[in-house]
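Visitor: One structure, as structure tokens, below. Some questions next.
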Amino acid sequence: MSIIETRQLTKVFPGNIRAVDGIDFTVEEGEIFAFLGPNGAGKTTTIKMLNTLLPLTSGTAMVAGFDVAKHPAEVRKRIGYTAQDVGVDEYATGKENLTLYGHFYRLDSKTIKQRVKEIFELVDLTDSANRMVSTYSGGMRKRLDLAMGLIHQPQLIFMDEPTTGLDPQTRTHIWEYIRQLVRDKGMTIFLTTHYMEEADRLADRIAIIDLGKIIAMGTPDELKKSIGGDVVTLSPCAEKDAECKEFIKRTETALSGKPFVVGTKATDGELAVYVPDGEAAIPSIMRLLASEGIEVKTISLARPSLDDVFLKYTGRTIRAQEGTPTTWAEIQRKRSRRQK
0 MSIIETRQLT
10 KVFPGNIRAV
20 DGIDFTVEEG
30 EIFAFLGPNG
40 AGKTTTIKML
50 NTLLPLTSGT
60 AMVAGFDVAK
70 HPAEVRKRIG
80 YTAQDVGVDE
90 YATGKENLTL
100 YGHFYRLDSK
110 TIKQRVKEIF
120 ELVDLTDSAN
130 RMVSTYSGGM
140 RKRLDLAMGL
150 IHQPQLIFMD
160 EPTTGLDPQT
170 RTHIWEYIRQ
180 LVRDKGMTIF
190 LTTHYMEEAD
200 RLADRIAIID
210 LGKIIAMGTP
220 DELKKSIGGD
230 VVTLSPCAEK
240 DAECKEFIKR
250 TETALSGKPF
260 VVGTKATDGE
270 LAVYVPDGEA
280 AIPSIMRLLA
290 SEGIEVKTIS
300 LARPSLDDVF
310 LKYTGRTIRA
320 QEGTPTTWAE
330 IQRKRSRRQK
């Protein structure tokens, strides 16, 4: 059964900035669903429309059986939300933070006490419950922030970039907490991320989003299989200049239509060649390019990754996009900081 369903969901900001551009998708109860994409793709804007923090420009969105535009209060009762920025009070203890959130959700004192104990055990913060949050590490603050979104036991929790800025060990721990919420509590998780490994290891299904549009959706395996085999990456030039682009173009032309090539995609200084069998195709590729007078500087073979999927559908990698303009929300935060 679907816990989220959108139809032509759209958000346009002033200046005709189309942050989310008519997207359709569903999220099923009890699954981990991920939006994977670079900064500025529309991930955070989508989540904020679904959790009623931003109004829709057009389209519809149903969350936990309620229309977010018509019944926002009913939606809020049934969801949790952890934002990109950790929203904890540094001048209170962890227990005080969590207790305060319990009162925000109008829970009675007995229920709050019971859930605070249970949730601190879940996120492994029991021994630090009475410490000031200012003494917490970044990973501990993120776990406390996650705990605060769970105090009212929501059906669905939104996690916006839940592990950004964390070290690999802490990130792995957060992944385990997320899995445990689904396994033990039956929750549905909707997370956004630009980390390939996070989406690959955590999500039951992934929607790859770019420039406000969903460009591919499916299980991690389904998305990788859409590549059509292995990926051979060629670099026929040492420097990324105009001459390099010409080499790439010649290489792509030489390989186009050959029976051992499924497709190609050029990036800055490299050419990704999709083949059914990489080990068998490499000798044929090298012989063909040598006959054309094209010298290959480097060559590598890999099984398809989600980055290859993103490359296939957009012509660039997510990594190449990480330095691009960020989300509308981040722009607003930066403006607010400057004003302060």
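Residue numbers (numbering that gives the first Met the number 0): 0 to 339. Backbone N, C-alpha and C define an ideal beta-carbon position, used for all residues, glycine too. Since this is a predicted model, take the numbers as computed values, not measurements.
#1: Leaving out five residues before and five after ARG200 in sequence, what residues of the same chain have Cβ atoms less than 7 Å from its Cβ?
#2: Can you tell which of LEU165, ALA206, SER133 has the C-alpha that lies nearest to the C-alpha of PHE309?
#3: Tell me the rounded alpha-carbon separation between GLY64 and THR316.
#4: Which of the three DSSP states is assigned to MET131 in this structure?
#5: Looking only at C-alpha atoms, which of LYS224, ASP240, GLU251, GLY227 sits nearest to LEU233?
#6: Per DSSP, ASP229 is paired with what?
#7: Have a look at PRO13, SER108, PHE32, ILE118 and flag the residue whose alpha-carbon is nearest the alpha-carbon of SER1.
#8: Taking the straight line between their C-alpha atoms, what separation do you get for PHE189 and MET158?
#9: Among residues of its own chain, excluding the 5 on either side of LYS340, which ones have a beta-carbon nearer than 8 Å to its beta-carbon?
#10: Put TYR312 into one of helix, strand or coil per three-state DSSP.
#11: Enumerated in chain order, which unbroken segments of the alpha helix (DSSP H) with a length of 4 residues or greater are wholly contained in the region 12-57?
#12: Would you say LEU121 and GLN179 are within 9 Å of each other, going by their C-beta atoms?
#13: Given a cut-off of 9 Å on the beta-carbon distance, is the pair GLY342 and LEU8 in contact?
#14: Nearest-angstrom Cα distance between PHE103 and HIS151?
#15: Quick check on the burial criterion: 16 or more other C-beta atoms within 10 angstroms. Buried or exposed for GLU342?
#16: Please classify ASN96 as buried or exposed, where buried requires at least 16 neighbouring CB atoms within 10 angstroms.
#17: Per DSSP, what are the beta-bridge partners of MET216 in this structure?
#18: Which of the three DSSP states, helix, strand or coil, is assigned to THR163?
#19: Under three-state DSSP, which class holds LEU180?
#20: Is DSSP giving LYS94 helix, strand or coil here?
#21: Taking all protein chains shown into account, do 16 or more other C-beta atoms lie within 10 angstroms of the C-beta of GLY14, making it buried, or fewer, making it exposed?
#22: Using the C-alpha atoms, what's the distance from THR313 back to THR340?
#23: How many angstroms separate the CA atom of VAL19 from the CA atom of LYS212?
#24: Assuming VAL261 contacts VAL231 under a Cβ cut-off of 8 Å, what Cβ separation, rounded to an integer in Å, is found between them?
#25: Rounded to whole angstroms, how far is the Cβ of ILE281 from the Cβ of ILE293, which I believe are closer than 8 Å?
#26: Evaluate GLY277 with the Cβ neighbour count: other Cβ atoms within 10 Å of its Cβ, from every protein chain shown; 16 or more gives buried, anything less gives exposed.
#27: Roughly how many whole angstroms lie between the Cα atoms of SER127 and THR25?
#28: Spatial neighbours of ARG302 within its chain, please: C-beta separation below 7 Å, excluding the five flanking residues on both sides.
#29: Please look up how many angstroms separate the CB atoms of LYS94 and THR56, rounded, as I've assumed it's under 8 Å.
#30: Let me check one thing: in DSSP terms, what residues is ARG77 bridge-paired to?
#31: Can you list, in chain order, the residues of its chain with a C-beta nearer than 8 Å to that of ALA279? Leave out the 5 residues immediately preceding and following it.
#32: With respect to the alpha helix (DSSP H) encompassing ALA68, which residues constitute its N-terminal and C-terminal limits?
#33: Just verifying my parser: in three-state terms, what is the DSSP assignment at TYR194?
#34: Mind checking which residues open and close the alpha helix (DSSP H) that includes ILE257?
Guide: Let me spell this out:
#1: To locate residue 200, count along the sequence shown from 1; it is residue 201. For ARG200, where only same-chain residues beyond five positions count, the Cβ hits under 7 Å are TRP174.
#2: If you number the sequence shown from 1, residue 309 lands on position 310. Nearest C-alpha to PHE309: ALA206.
#3: Here residue 64 is taken as the residue at index 65 of the sequence shown, counted from 1. Here residue 316 is taken as the residue at index 317 of the sequence shown, counted from 1. If you draw a straight line from the Cα of GLY64 to the Cα of THR316, it comes to about 36 Å.
#4: Along the sequence shown, read from residue 1 onward, the residue named residue 131 stands at position 132. Looking at MET131 - three-state DSSP - the assignment turns out to be strand.
#5: The sequence position of residue 233 within the sequence shown is 234, counting from 1. LEU233 has its Cα closest to that of GLU251, out of LYS224, ASP240, GLU251, GLY227.
#6: In the sequence shown, counting from the first residue as 1, residue 229 sits at position 230. DSSP, once it has assigned bridges, lists VAL274 as partnering ASP229.
#7: What you label residue 1 is simply residue 2 of the sequence shown in a count that begins at 1. With distances taken between Cα atoms, SER1 lies closest to PHE32.
#8: In the sequence shown, residue 189 corresponds to position 190, counting from 1. In the sequence shown, residue 158 corresponds to position 159, counting from 1. Cα atoms of PHE189 and MET158: separation of roughly 6 Å, rounded to the nearest angstrom.
#9: Beyond the ends of the chain as shown, which are 0 and 339, falls residue 340; an answer cannot be given.
#10: Here residue 312 is taken as the residue at index 313 of the sequence shown, counted from 1. Judged by DSSP in its simplified three-state form, TYR312 adopts helix.
#11: Entirely contained in the region 12-57, the alpha helix (DSSP H) runs reaching 4 residues are, in chain order, 42-49.
#12: Numbered from 1 along the sequence shown, position 122 holds the residue referred to as residue 121. Numbered from 1 along the sequence shown, position 180 holds the residue referred to as residue 179. In contact: LEU121 and GLN179 (Cβ atoms closer than 9 Å).
#13: Outside the displayed range of the chain (0 to 339) lies residue 342, so it cannot be described from this structure.
#14: On the sequence shown, position 104 is the one that residue 103 refers to. On the sequence shown, position 152 is the one that residue 151 refers to. PHE103 and HIS151: Cα-Cα distance of roughly 10 Å.
#15: Given that the chain is displayed from residue 0 to residue 339, the structure contains no residue 342 and the question cannot be resolved.
#16: Within the sequence shown, numbered from 1, the residue matching residue 96 stands at position 97. Residue environment for ASN96: buried (at least 16 other C-beta atoms within 10 angstroms of its C-beta).
#17: Position 217 of the sequence shown, counted from the start, is the residue given in the question as residue 216. DSSP lists ALA206 as the bridge partner or partners of MET216.
#18: What you label residue 163 is simply residue 164 of the sequence shown in a count that begins at 1. Shown here, THR163 sits in coil according to DSSP, grouped into three states, outside any helix or strand.
#19: The count along the sequence shown starts at 1 and reaches residue 180 at position 181. Helix.
#20: To locate residue 94, count along the sequence shown from 1; it is residue 95. The three-state secondary structure of LYS94, taken from DSSP, is helix.
#21: Against the sequence shown, residue 14 aligns to sequence position 15. It is exposed - the Cβ of GLY14 has fewer than 16 other Cβ atoms within 10 Å.
#22: Any answer about residue 340 is impossible in this case: the structure gives the chain only from 0 up to 339.
#23: Here residue 19 refers to the residue found at position 20 of the sequence shown. Here residue 212 refers to the residue found at position 213 of the sequence shown. If I take the Cα positions, the gap works out to 7 Å.
#24: Locating residue 261 in the sequence shown gives position 262, where the first residue counts as 1. Locating residue 231 in the sequence shown gives position 232, where the first residue counts as 1. Not a contact, Cβ separation roughly 11 Å.
#25: Indexing the sequence shown from 1 puts residue 281 at position 282. Indexing the sequence shown from 1 puts residue 293 at position 294. Not quite, the Cβ-Cβ distance comes to about 14 Å (not below 8 Å), so this is no contact.
#26: In the sequence shown, residue 277 corresponds to position 278, counting from 1. Buried is the call here.
#27: Locating residue 127 in the sequence shown gives position 128, where the first residue counts as 1. Locating residue 25 in the sequence shown gives position 26, where the first residue counts as 1. The C-alpha of SER127 lies about 38 Å from the C-alpha of THR25.
#28: Counting from 1 along the sequence shown, the entry for residue 302 is found at position 303. Around ARG302: ASP229.
#29: The residue you call residue 94 lines up with position 95 of the sequence shown. The residue you call residue 56 lines up with position 57 of the sequence shown. The pair is not a contact, with the Cβ atoms about 41 Å apart (cut-off 8 Å).
#30: Position 78 of the sequence shown, counted from the first residue, corresponds to residue 77. Answer is none; ARG77 lacks a bridge partner.
#31: Stepping through the sequence shown from its first residue, residue 279 is reached at position 280. Only PHE259 meet the Cβ criterion.
#32: Counted from its first residue, the sequence shown places residue 68 at position 69. No alpha helix (DSSP H) contains ALA68, which DSSP labels as neither H nor E.
#33: On the sequence shown, residue 194 is found 195 positions in, with the first residue counted as 1. Reduced to three states, the DSSP call for TYR194 is coil.
#34: Locating residue 257 in the sequence shown gives position 258, where the first residue counts as 1. One detail in the question is off: residue 257 reads as Lys in this sequence, not Ile. Here LYS257 belongs to no alpha helix (DSSP H), and DSSP marks it neither H nor E.
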